[in-house]
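Engineer:
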Amino acid sequence: MAMNAVDMKDYIISKMNREAGSAIAANKKFGDAILEYIIGNMDITYGWSARNPSSGATDPITSFTATLSGEGTLAPSGSFTIFLVNLTTLIKTSIVIMPPAGFSLAPLTYNPDGVITASMGNENSQDAGILRLCVQIIASLILSFPNPAAVSGSRGAFAGATTEMVIA
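Quick note on numbering: the sequence shown equals residues 726 to 893 in my numbering.
#1: May I have the straight-line CA-CA distance separating alanine 750 from methionine 741, to the nearest angstrom?
#2: Would you identify the three-state DSSP class for isoleucine 841, choosing helix, strand or coil?
#3: Compute the Euclidean distance between the alpha carbons of isoleucine 738 and lysine 754, then round it to the nearest angstrom.
#4: What would DSSP say about isoleucine 789, mapped onto helix, strand or coil?
#5: For leucine 866 and glutamate 744, what's the separation of their Cα atoms in angstroms?
#6: From lysine 734 to proline 825, what does the alpha carbon distance come to, in whole angstroms?
#7: Buried or exposed: alanine 812, going by 16 or more other Cβ atoms within 10 Å of its Cβ?
#8: Between the segment 875-884 and the segment 844-862, do at least 3 Cβ pairs fall closer than 8 Å?
#9: Skipping 5 residues on each side, what residues in its chain have a beta carbon closer than 6 Å to that of asparagine 766?
#10: I think alanine 775 touches glycine 846, with their Cβ atoms under 8 Å apart; what is that distance to the nearest whole Å?
#11: Taking the alpha carbon of glutamate 889 as the reference point, which residue from Tyr835, Ile862 and Gly746 has its own alpha carbon closest?
#12: Considering only their Cβ atoms, is the gap separating tryptophan 773 from isoleucine 786 smaller than 7 Å?
#13: Give the straight-line distance between the Cα atoms of phenylalanine 808 and valine 821, rounded to the nearest whole angstrom.
#14: How many whole angstroms separate the CB atoms of serine 819 and glycine 795, which I take to be in contact at a CB cut-off of 8 Å?
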């Protein structure tokens, strides 16, 4: 399932509409909602190129879809700029990317230089403001977070490496 800004916005607002009790609790709920949505909806596909070192045969598997898991807490932010840095850190340190069964790979990671970029607008409602943020978060994840570095590993008798990382 690919990420969708309207669905992400609806998920976040649904979580935020539950009573938080304090600013710290509201911040946690906001971060949890973003993280949960990404884990449940981000698709990560890797290209895969491998050969059997003994026979030279090419692995018939040329791509795979990773699964995601994780949890973490969004650190409180004193400004929008710090919020974006904290959100980037939360995603990179809290979401674990796992290959499918049968693959043995070095750790799969996001681009170390990937960042969430967003700008504040003048939206007149929570709905419009959160939607704007979600559009920008998803765009940043798709464009900035794919790691261009190959990851070496094996699948059964085949040794090889990832050839690309695509986020949707």
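For every residue, glycine included, the Cβ atom is placed at its ideal position computed from N, Cα and C.
Structural biologist: Inspection of the coordinates gives the following:
#1: 10 Å
#2: coil
#3: Taken atom to atom, the span from the alpha-carbon of isoleucine 738 to that of lysine 754 is near 10 Å.
#4: Just to set this straight, residue 789 is phenylalanine in the shown sequence, not isoleucine. Strand.
#5: 29 Å
#6: 29 Å
#7: Sequence inspection shows leucine at residue 812; the alanine mentioned does not correspond to that position. When all chains shown are included, leucine 812 counts as buried.
#8: With a cut-off of 8 Å, the segment 844-862 and the segment 875-884 do not count as touching, because too few Cβ pairs lie within range.
#9: Met726 and Met728
#10: With 8 Å as the limit, alanine 775 and glycine 846 do not qualify as a contact, their Cβ atoms being about 46 Å apart.
#11: Tyr835
#12: Yes, these two residues count as a Cβ contact at 7 Å.
#13: Rounded to the nearest whole angstrom, the CA to CA distance from phenylalanine 808 to valine 821 is 21 Å.
#14: 4 Å
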